[in-house]
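Using the working numbering, read the sequence shown as starting at 21 and increasing by one per residue. See below for the structure under consideration.
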Amino acid sequence: MDFEKAFDSIDWSYLEAVVKKMNFPTLWRKWIMECVSTTSTSVLVNGSPTDEFKFERGLRQGDPLSPFLFLIAAEGLNVMMNALVEAGHFSGYKVGANNNLVSITHLQFADDTLLIEDRSWANIRALKALLILFEATSSLKVNFHKSMLVGVNIQDSWLAEAASILHCQLDRVLFLYLGLPIGGDPRKLKFWQPLIDRIKSRLSGWKSKNLSLGGRLVLLKFVLSSLPVYFLSFFKAPAGIISSIEFIFNCFFFWAVRRLGKFLGLTETLFVPKRRMEA
Numbered sequence: 021m022d023f024e025k026a027f028d029s030i031d032w033s034y035l036e037a038v039v040k041k042m043n044f045p046t047l048w049r050k051w052i053m054e055c056v057s058t059t060s061t062s063v064l065v066n067g068s069p070t071d072e073f074k075f076e077r078g079l080r081q082g083d084p085l086s087p088f089l090f091l092i093a094a095e096g097l098n099v100m101m102n103a104l105v106e107a108g109h110f111s112g113y114k115v116g117a118n119n120n121l122v123s124i125t126h127l128q129f130a131d132d133t134l135l136i137e138d139r140s141w142a143n144i145r146a147l148k149a150l151l152i153l154f155e156a157t158s159s160l161k162v163n164f165h166k167s168m169l170v171g172v173n174i175q176d177s178w179l180a181e182a183a184s185i186l187h188c189q190l191d192r193v194l195f196l197y198l199g200l201p202i203g204g205d206p207r208k209l210k211f212w213q214p215l216i217d218r219i220k221s222r223l224s225g226w227k228s229k230n231l232s233l234g235g236r237l238v239l240l241k242f243v244l245s246s247l248p249v250y251f252l253s254f255f256k257a258p259a260g261i262i263s264s265i266e267f268i269f270n271c272f273f274f275w276a277v278r279r280l281g282k283f284l285g286l287t288e289t290l291f292v293p294k295r296r297m298e299a
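The structure is reproduced here in structure tokens:
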């Protein structure tokens, strides 16, 4: 589910009501609302700023407090979803054995929301009504045209009709959630191809000839190494993928070493990395 301009559209009265419902202290609530409601800005017109004017809703972009306040605002969706399940109008996907059966209805990480349900028209109608009600309450508009409906072992005709009711697009497994592919087989090389392409695109954006040897090392150790670490914290990579990533890093790093070797008159073969597999 995609929120349209999530941080810019939160209603302040709704946020204050949620904070009050969560039993935060009165003085703390006053501080927070002062931080939120005292924002102002101006617009540059032909290079000259206009008079400042105040906002009426939304959270400050770049403010370290804003993500936490958005989580509090999104808690309203969690409460409404739980109430819908308790009333018997919505059924999630059940996971586990009989004694440890867990019903999963939604996953939330800031404005990245994943709604999970069993296939039924009752669930589709209840979900549509819930999202419209949440939008009217919080002013967080759900962008249905950018939201995706994904089905597992469900007929395409049923999914197409459900997508038309929700006014959303259809997608297929494999899809991305929080930057990770969902539904693929990590044992296959094509599962890791987006990661390889992302590393290559990052490297192509840097001007190799303008980076020193130390600059390349810092770039690899502290910037690019975080990309595979995020994937590897969830999935076990095949040996071929590890070799491919090492080969890409070595080629980028040893390009400067070869140039240094030529400048010093050393043999170039001393600096060529050993390639373990075809790229």
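Don't be surprised by glycine CBs; every beta carbon is placed ideally from N, CA and C.
* Asked: Is it the case that the Cβ atoms of residue 153 and residue 101 are separated by a distance below 8 Å?
  -> no
* To do: Would you grab the beta carbon distance between residue 61 and residue 72 for me? Rounded to a whole angstrom, and I think it's under 8 Å.
  => 6 Å
* **Collapsed DSSP secondary structure at residue 70 in the structure displayed** => coil
* **Reduced DSSP secondary structure (H/G/I, E/B, other) of residue 125** => coil
* **Neighbour flag for residue 238 against chain B, beta carbons, 8 Å** => Absent from the structure is chain B; it holds one protein chain and no more.
* **Local Cβ density within 10 Å of residue 142, reported as buried at 16 or more and exposed below that** => exposed
* Residues bridged to residue 168 by DSSP? -> According to DSSP, which records beta bridges pairwise, residue 168 is partnered with 189.
* Asked: Taking just the CA atoms, how far does residue 79 sit from residue 43?
  -> Approximately 21 Å between the Cα atoms of the pair.
* Asked: Starting from residue 92 and walking both ways along the alpha helix (DSSP H), at which residues does that stretch end?
  -> 86-106
* Asked: Is the segment 125-133 touching the segment 82-101 in the sense that three or more CB pairs, one from each, lie closer than 8 Å?
  -> yes
* Asked: Would you call residue 236 buried or exposed, if buried means 16 or more other Cβ atoms sit within 10 Å of its Cβ?
  -> Classification of residue 236: buried, given that the 10 Å Cβ count is 16 or more.
* To do: Give the C-beta separation of residue 183 and residue 169 to the nearest angstrom, bearing in mind that I take them to be a contact with Cβ-Cβ under 8 Å.
  => Contact flag correct, Cβ pair sits at about 5 Å.
* Sequence-distant residues of its chain with Cβ nearer than 8 Å to residue 159 (five each side left out) -> 29, 30, 31, 34 and 77
* Asked: Mapping DSSP to helix, strand and coil, what is residue 239?
  -> helix
* Classification of residue 127 by the beta-carbon crowding that lies within 10 angstroms, buried from 16 upward -> Note on residue 127: under 16 other CB atoms within 10 angstroms of its CB, so exposed under the neighbour-count rule.
* What's the C-alpha gap between residue 201 and residue 265? -> 18 Å
* **Three-state secondary structure assigned by DSSP to residue 300** => Nothing about residue 300 can be reported from this structure: the residues present for the chain run from 21 to 299 only.
* **Status (buried if at least 16 other CB within 10 Å, exposed otherwise) for residue 174** => exposed
* Asked: Taking just the CA atoms, how far does residue 146 sit from residue 221?
  -> 42 Å
* Excluding the five sequence neighbours on either side, which residues of its own chain have a C-beta within less than 7 Å of the C-beta of residue 57, listed in chain order? -> 32
* Between the segment 241-251 and the segment 210-221, do at least 3 Cβ pairs fall closer than 8 Å? -> yes
* When burial is assigned at 16 or more other CB atoms within 10 Å of the CB, is residue 259 buried or exposed? -> exposed
* Reference residue 190; option with closest CA among 172, 64 and 256 -> 172
* Asked: Skipping 5 residues on each side, what residues in its chain have a beta carbon closer than 8 Å to that of residue 244?
  -> Sequence-distant partners of residue 244 (beyond 5 residues in either direction) whose C-beta falls short of 8 Å from its own C-beta, in its chain, are 219, 222, 223 and 269.
* Asked: Does the distance from the C-beta atom of residue 26 to that of residue 90 stay below 8 Å?
  -> Contact flag set, yes.
* Let me know if residue 177 comes out buried or exposed under the rule of 16 or more other beta-carbons within 10 Å of its beta-carbon. => Residue environment for residue 177: exposed (fewer than 16 other C-beta atoms within 10 angstroms of its C-beta).
* **The beta strand (DSSP E) enclosing residue 114, as first and last residue numbers** => Where residue 114 is concerned, the enclosing beta strand (DSSP E) stretches over 113-115.
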